[in-house]
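Read through the structure below, which is laid out as structure tokens, and then see the notes.
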Amino acid sequence: MTKQTGKTPKVLNRRHLIMATACVVPLSVVACGGGGGGGVSTASAGGTSSSSSSSASSSSSASGLYPNYNTNPLSANAAGMSSTAAEIAAKIKLAINIGNTMEAIGGETAWGNPLITQALVNKYKALGFDAIRLPCAWDQYADKATAKISSTWLDRVKTVVQYCINADLYVVLNIHWDGGWLEKHIDEASKDAVNARQKAFWEQIATHLRDFDERLIFASANEPDAGTEANTKILLSYHQTFIDAVRATGGRNAYRTLVVQAPQTNTELAVSMWPGMPTDTATKRLMFEVHYYAPSQFMIIDKDASWGKMFYYWGRDNHSTIEPDRNATHSEEPYVDQQMLAMKTNFIDKGIPVIVGEYGAWRKTQPLDMPKHNASVDFWNRYVTQQARANGAVPFFWDTGALIDRTTLAVKDQAMLDALLIGAGKK
Numbered sequence: 364m365t366k367q368t369g370k371t372p373k374v375l376n377r378r379h380l381i382m383a384t385a386c387v388v389p390l391s392v393v394a395c396g397g398g399g400g401g402g403v404s405t406a407s408a409g410g411t412s413s414s415s416s417s418s419a420s421s422s423s424s425a426s427g428l429y430p431n432y433n434t435n436p437l438s439a440n441a442a443g444m445s446s447t448a449a450e451i452a453a454k455i456k457l458a459i460n461i462g463n464t465m466e467a468i469g470g471e472t473a474w475g476n477p478l479i480t481q482a483l484v485n486k487y488k489a490l491g492f493d494a495i496r497l498p499c500a501w502d503q504y505a506d507k508a509t510a511k512i513s514s515t516w517l518d519r520v521k522t523v524v525q526y527c528i529n530a531d532l533y534v535v536l537n538i539h540w541d542g543g544w545l546e547k548h549i550d551e552a553s554k555d556a557v558n559a560r561q562k563a564f565w566e567q568i569a570t571h572l573r574d575f576d577e578r579l580i581f582a583s584a585n586e587p588d589a590g591t592e593a594n595t596k597i598l599l600s601y602h603q604t605f606i607d608a609v610r611a612t613g614g615r616n617a618y619r620t621l622v623v624q625a626p627q628t629n630t631e632l633a634v635s636m637w638p639g640m641p642t643d644t645a646t647k648r649l650m651f652e653v654h655y656y657a658p659s660q661f662m663i664i665d666k667d668a669s670w671g672k673m674f675y676y677w678g679r680d681n682h683s684t685i686e687p688d689r690n691a692t693h694s695e696e697p698y699v700d701q702q703m704l705a706m707k708t709n710f711i712d713k714g715i716p717v718i719v720g721e722y723g724a725w726r727k728t729q730p731l732d733m734p735k736h737n738a739s740v741d742f743w744n745r746y747v748t749q750q751a752r753a754n755g756a757v758p759f760f761w762d763t764g765a766l767i768d769r770t771t772l773a774v775k776d777q778a779m780l781d782a783l784l785i786g787a788g789k790k
């Protein structure tokens with residue numbers, strides 16, 4: 364997800380529903396966002412291979428534009444790296460995003476949140492979260508000619524990762540929206556340039572963070588906007604470049620769990636368009652990522668759109684008689700059940716762990732029937748968490764400060780937190 368203000372998510376390009384104001388730039392630095400939601404097809408088994416994209420082809424297309432940053436590869440080091448991706452997934456019952464922070468265009472505090480502290484990370488642990496997802500920007504900290512990332516920023520990211528390890532939390536670190544250089548450039552014309560930047564960035568990130576144990580997980584991208592089979596094959600080359608770059612640095616990275624994203628992180632496209640997992644020299648060390656924001660009229664938009672009105676009420680027991688035109692008319696409990704089951708049958712049952720890297724419902728101020736609206740929000744958060752867990756997927760709640768005050772560390776919405784904990788079987 365991209366920048367969110369208050370409790371209503373602001374999304375510039377969530378699947379194909381909200382396209383109007385998307386910023387498309389020629390591999391440069393501009394703020395924008397992307398995303399996914401709803402699934403059923405086939406995926407390759409195991410978490411190691413079976414895509415048509417080869418390691419050799421992605422490596423060749425990723426070379427030449429920038430210097431080689433893998434200047435000190437180490438021998439493989441299995442110490443502290445014994446768990447497979449599936450074993451790690453089984454240890455994470457509930458996780459959270461520290462959103463609108465390290466991915467903020469303009470700096471960590473540019474979107475209104477304070478710097479991440481050890482105390483904040485400790486609070487997430489104390490509240491019952493098992494892992495943190497760190498959406499992270501890189502391009503704004505890199506030299507445009509050489510793709511060299513600022514050592515100051517690399518050190519800052521390392522500090523925040525260390526906070527998570529100190530709290531005994533798993534941490535997923537990605538390249539987030541980052542101006543759209545990858546997410547909005549999944550096309551043949553951009554392929555070589557994107558692969559080159561992907562390689563350069565991940566060589567540096569992986570090298571700088573190589574010494575952390577298996578609790579650090581790398582993720583290739585955020586919400587890559589691939590909407591066709593042809594573009595999905597190009598996306599797969601970006602994922603292949605990511606995997607190859609990380610593995611080549613050696614040390615613990617030879618065994619680190621890595622995450623690749625579905626087209627648009629959409630559960631339906633994950634099934635209908637995904638050609639199979641990239642190849643990997645490590646065995647059973649890959650995860651697959653989707654996001655879930657359905658229905659978008661309840662989750663995403665903050666005003667009525669030409670294609671539909673906002674929903675304020677969701678769930679069979681939460682429809683309002685005061686505003687019946689604001690009741691959800693689709694994507695309620697049966698759809699959640701269908702999509703989460705699709706992730707299980709098409710991926711998890713085939714040995715490919717799935718993380719729901721973002722999901723969440725937030726309160727609105729417009730509803731006339733606030734008791735029903737609040738019940739709807741809490742029920743959506745509980746039900747989606749519960750169904751993700753029931754089908755073996757790992758839920759990462761998207762939060763930008765609505766759940767916990769990041770300065771005082773006070774819980775701002777206890778009912779929302781309780782919904783998540785109950786859904787995850789923690790309360």
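According to the working numbering, the residues represented by the sequence shown are 364 to 790, in order.
All C-beta atoms, glycine included, are put in the ideal place defined by N, C-alpha and C.
Source: prediction; values computed, not measured.
- Three or more beta-carbon pairs separated by less than 8 Å are not found between the region 672–686 and the region 612–623, which leaves the two stretches without contact.
- Membership of V557 in the alpha helix (DSSP H) is indicated by the continuous run 554–571.
- The beta carbons of V719 and V757 sit about 7 Å from each other, so the pair counts as a contact at 8 Å.
- Annotated three-state conformation of I715 is coil, per DSSP.
- A direct Cα-Cα distance of roughly 7 Å separates K672 from K666.
- In this structure, the CA atom of D506 is about 44 Å from the CA atom of Q750.
- In summary, T591 is exposed, with fewer than 16 beta-carbon neighbours lying within 10 Å of its beta-carbon over all protein chains present.
- Taking a cut-off of 8 Å for Cβ pairs, the region 467–477 and the region 725–741 do not touch, as fewer than three such pairs fall below it.
- Looking at D688, G755, Y675, the one whose alpha-carbon comes closest to that of Q729 is Y675.
- In this structure, the straight-line span from the alpha carbon of D700 to that of L428 is close to 46 Å.
- Under the Cβ criterion (8 Å, minimum of three pairs), the region 539–556 does not count as touching the region 645–660.
- If only complete runs of 4 or more residues are kept, the region 473–526 shows the alpha helix (DSSP H) at 481–490, in order along the chain.
- In the displayed model, L766 falls within coil according to three-state DSSP, outside both helix and strand.
- Note that the C-beta distance between W677 and A668 is not below 9 Å.
- Counting every other CB atom within 10 Å of its CB across the protein chains shown gives E450 a total below 16, marking it as exposed.
- In the structure shown, the three-state DSSP call for M650 is strand.
- For A458, the closest of G491, P430, A645, E471 by C-alpha to C-alpha distance is G491.
- Distances from the CA of P436 to each of V523, T646, L572, G443 were compared; the closest alpha carbon is that of L572.
- Residue pairing from DSSP leaves I663 without any beta-bridge partner.
- If the five residues before and after G614 are omitted, its C-beta is found closer than 6 Å to the C-beta atoms of L437, N440, R573, all from its own chain and listed in chain order.
- In terms of Cβ geometry, I495 and V534 form a close pair [threshold 9 Å].
- One Cα belongs to M650, the other to K713, and the distance between them is close to 12 Å.
- When C-beta atoms of the region 585–602 are compared with those of the region 626–640, three or more pairs fall below 8 Å, so the two segments count as touching.
- The C-alpha of L536 is placed about 14 Å away from the C-alpha of N463.
- About 7 Å separates the beta carbons of V622 and S583, which is inside the 8 Å limit, making them a contact pair.
- It is roughly 22 Å from the alpha-carbon of M703 to the alpha-carbon of T447.
- Separation of Q561 and A552 (C-alpha to C-alpha, rounded to the nearest whole angstrom) is 15 Å.
- Non-local C-beta neighbours of N754 in its own chain, meaning closer than 8 Å and more than five positions away in sequence, comprise M703, L704, M706, K707, I711, ordered along the chain.
- Taking C-beta atoms as the reference points, F564 and I512 count as a pair closer than 9 Å.
- Taking 9 Å as the cut-off, the Cβ atoms of G788 and V747 do not count as close.
- Between N585 and H539, the gap from beta carbon to beta carbon is short of 9 Å.
- In the three-state reduction of the DSSP assignment, F742 falls in the helix class.
- Scanning A508, W637, E721, V717 for the CA closest to the CA of F760 turns up E721.
- If the five residues before and after N594 are omitted, its C-beta is found closer than 6 Å to the C-beta atoms of I549, all from its own chain and listed in chain order.
- Beyond the five residues adjoining it in sequence on each side, G723 comes within less than 6 Å, by CB distance, of F760, W761 in the same chain, given in chain order.
- Counting only the Cα atoms, F581 lies some 19 Å from Q503.
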